[in-house]
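Chemist: Going by the UniProt record's numbering, the sequence shown opens with residue 1, and the numbers climb by one from there. Dropping the structure in here first, questions after.
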Amino acid sequence: MEAVEKKYETMRDGKYKPKNCTARQKVAILIPFRDREIHLGIFLNHMHAFLMKQHLEYGIYVVEQTKGLEFNRGFLFNVGYKEALKDSDYDCFVLHDVDLLPENDHNIYTCPVDQPKHLAVASEKWQYKLPYTSYFGGVSALTREQYEAVNGFSNEFFGWGGEDDDFHNRVAWAKMSVYRSISGVGRYSALEHKPGAANPKRNEIISKGKERMWKDGLNSLKYEILQKTYKKLYIHIIVKIV
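Pasting the structure below:
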């Protein structure tokens, strides 16, 4: 990580602002995280170069869940959203898995104001194809207004799978459609890792999603921040579910 830090000397406290222009949007990159230190170093090295080329004003938030409970990706996105807004008035939130690296510089990390955006439409882990028509995982982007309009993610998905499908349903129930990057632009390399334990209750939770939408999400979020550290290349948040 030290070599990566030396490479990006203009970074401060996990944030970057271009010197010679005013960015149209202020972007928070939210990364749910646990036990992926090697991936994180590769990700940061790749992403800072990628984002700086786009002249974005941005911050990278790595939200790490403590040991104990199964990994809860949606919960971590909600925490990242709340904590990022304590730092700055971000316009756009990019929800990003740490194992995906954009391949095309024309894949612009900003948020359309009229609809959520799916960026990772052609991932190496899915043979560079959309795995199914409603897939909304990997990397997506929403404005603050859009994220609030769906009450964020459900906090009920522990283990692998389901939270993205539930989130896509929330977008549809809020009467928004998803904009997708074209496959030649939205291409992502995938870093190898062992799959997490599947959530056996995911289909049951999804089936009751509409009735839960305004009872389970940002407005029901309960957490304890154990540490929030402003490192050179990212903001590191360690959080406990309560």
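Backbone N, C-alpha and C define an ideal beta-carbon position, used for all residues, glycine too.
Assuming Leu218 contacts Asn78 (C-beta within less than 8 Å), just tell me the rounded distance between them.
Modeler: Locating residue 218 in the sequence shown gives position 218, where the first residue counts as 1. Locating residue 78 in the sequence shown gives position 78, where the first residue counts as 1. With 8 Å as the limit, Leu218 and Asn78 qualify as a contact, their Cβ atoms being about 6 Å apart.
Chemist: Take Val178 as the anchor and find which of His168, Tyr230, Ala122, Glu5 has the nearest alpha-carbon.
Modeler: Position 178 of the sequence shown holds residue 178. Out of His168, Tyr230, Ala122, Glu5, His168 has the C-alpha closest to the C-alpha of Val178.
Chemist: My output table needs one value for Ile60: the three-state DSSP class, helix, strand or coil.
Modeler: The sequence position of residue 60 within the sequence shown is 60, counting from 1. Three-state DSSP puts Ile60 in a strand.
Chemist: Does the region 134-147 come within contact of the region 172-189, defined as at least 3 CB pairs closer than 8 Å?
Modeler: yes
Chemist: Any chance the region 46-63 sits against the region 146-163, with 3 or more Cβ pairs inside 8 Å?
Modeler: no
Chemist: What do you get for Tyr230, buried or exposed, if any count of 16 or more other CB atoms within 10 angstroms of its CB means buried?
Modeler: For the purposes of this step, residue 230 is taken as the residue at position 230 of the sequence shown. So Tyr230 counts as exposed.
Chemist: Which runs of the alpha helix (DSSP H) fall wholly inside the region 6-76 and span at least 4 residues, in chain order?
Modeler: Qualifying alpha helix (DSSP H) stretches, in chain order: 37-53.
Chemist: I'd like to know whether the C-beta atoms of Lys125 and Asp89 end up nearer to each other than 9 Å.
Modeler: On the sequence shown, position 125 is the one that residue 125 refers to. On the sequence shown, position 89 is the one that residue 89 refers to. Taking 9 Å as the Cβ cut-off, Lys125 and Asp89 do not qualify as a contacting pair.
Chemist: Thinking C-beta only, is Asp216 closer than 9 Å to Glu163?
Modeler: Along the sequence shown, one-based indexing puts residue 163 at 163. Along the sequence shown, one-based indexing puts residue 216 at 216. In this structure, Asp216 does not lie closer than 9 Å to Glu163 by Cβ.
Chemist: Quickly, what does DSSP pair Glu224 with across the bridge? List them, please.
Modeler: Start at 1 with the first residue of the sequence shown, and residue 224 comes out as number 224. Bridge partners of Glu224: Lys240.
Chemist: Taking Gly59 and Ile237 to be in contact with their CB atoms under 8 Å, please state how far apart those CB atoms are, rounded to whole angstroms.
Modeler: Along the sequence shown, one-based indexing puts residue 59 at 59. Along the sequence shown, one-based indexing puts residue 237 at 237. No, Gly59 and Ile237 are not in contact; Cβ-Cβ is about 12 Å, not under 8 Å.
Chemist: Helix, strand or coil: how does DSSP classify His168 here?
Modeler: For this step, residue 168 is matched to residue 168 along the sequence shown. Note: His168 maps to helix in three-state DSSP.
Chemist: In angstroms, rounded to a whole number, what distance separates the CA positions of Ile29 and Glu70?
Modeler: Translated into the one-based positions of the sequence shown, residue 29 becomes position 29. Translated into the one-based positions of the sequence shown, residue 70 becomes position 70. When rounded, the distance between both Cα atoms is 23 Å.
Chemist: If you follow the beta strand (DSSP E) that Tyr90 is part of, which residue opens it and which one closes it?
Modeler: Within the sequence shown, the letter at position 90 stands for residue 90. Element bounds for Tyr90: n/a, residue is neither H nor E.
Chemist: Less than 7 Å between C-beta atoms, sequence neighbours within five positions excluded: which residues of the same chain meet that for Trp214?
Modeler: In the sequence shown, counting from the first residue as 1, residue 214 sits at position 214. Hits under 7 Å: Asn151.
Chemist: Straight-line CA distance for Val242 to Gly184?
Modeler: To locate residue 242, count along the sequence shown from 1; it is residue 242. To locate residue 184, count along the sequence shown from 1; it is residue 184. In this model, Val242 and Gly184 are separated by some 42 Å (Cα to Cα).
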